[in-house]
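Residue numbers (the UniProt record's numbering): 1 to 170.
Note that beta-carbon positions come from the ideal geometry of N, C-alpha and C, so glycine has one too.
The structure displayed is predicted, hence computed values, not measured ones.
Right under this line is the structure:
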């Protein structure tokens with residue numbers, strides 16, 4: 001609730017005298033929560049589909065097209081995210097005989113950047129949709145993980161946000 005102090009000599013407020021609250025710099029820059037407090041969990045994402053880093057290229061392409069995925073997360077032996085495969089790029093490499101069907105996907109994945117200058121952005125089921133939207137403005141998708149980043153729960157895209165908004169009528 002916004003509290004303002006009015007001088008005792010201010011005009012009386014009545015039905016014929018509308019009052020305009022004095023604006024503060026923050027009031028003009030804050031936009032209402034477009035997602036009304038919703039979090040990633042509210043998107044009801046399908047369980048994540050991810051591949052181990054040892055999966056052969058031929059299997060990756062087959063699974064991607066069976067499921068109609070354009071990007072697939074790649075996990076290490078402990079099921080922690082290492083990076084992702086851009087399926088269309090991998091297919092191009094395979095068709096041009098630059099990728100052997102028996103090669104491991106590890107050779108062709110895009111590794112996540114984890115440096116002090118580019119910190120890992122943690123997206124969990126409790127991350128606000130506003131924060132997710134900001135993340136997706138500069139990223140193709142977001143891996144939704146547990147708080148300790150030990151396993152991938154789901155994959156969220158801007159399309160998921162758009163569907164959420166249309167279902168809710170926001």
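Would residue i and residue j qualify as a contact pair, given that the criterion is a beta-carbon distance under 8 Å?
i: residue 161; j: residue 73; result: no
i: residue 94; j: residue 123; result: no
i: residue 43; j: residue 164; result: yes
i: residue 227; j: residue 99; result: The structure shown does not extend to residue 227, since the chain is modelled only from 1 through 170, so no value can be given for it.
i: residue 80; j: residue 36; result: no
i: residue 57; j: residue 132; result: no
Buried or exposed: residue i, going by 16 or more other Cβ atoms within 10 Å of its Cβ?
i: residue 140; result: exposed
i: residue 145; result: buried
i: residue 21; result: Low local confidence applies: a pLDDT of 37 at residue 21 is under 50, so the model's placement there is unreliable, and no value is given.
i: residue 156; result: buried
i: residue 84; result: buried
i: residue 174; result: Lying before the first or after the last residue shown, residue 174 is absent from the chain, which here runs from 1 to 170.
i: residue 126; result: exposed
i: residue 38; result: buried
i: residue 147; result: exposed
i: residue 118; result: exposed
i: residue 64; result: buried
For residue i and residue j, which I take to be in contact (beta-carbon distance under 8 Å), what is that distance rounded to the nearest angstrom?
i: residue 75; j: residue 49; result: Not really, about 11 Å apart at Cβ, beyond 8 Å.
i: residue 45; j: residue 169; result: That pair is no contact at about 20 Å.
i: residue 69; j: residue 87; result: 6 Å
i: residue 130; j: residue 34; result: 7 Å
Quick one: complete alpha helix (DSSP H) runs, 4+ long, within the segment 31 to 105?
-> The segment 31 to 105 contains these whole alpha helix (DSSP H) runs: 57 to 67, 87 to 95.
Is there contact between the segment 95 to 102 and the segment 114 to 123, where contact requires at least three CB pairs shorter than 8 Å?
-> No contact exists between the segment 95 to 102 and the segment 114 to 123.
Could you tell me which uninterrupted alpha helix (DSSP H) segments, each at least 4 residues in length, are contained entirely in the segment 108 to 160, listed from first to last along the chain?
-> For the segment 108 to 160, whole alpha helix (DSSP H) runs of length 4 or above, ordered along the chain, are 129 to 136.
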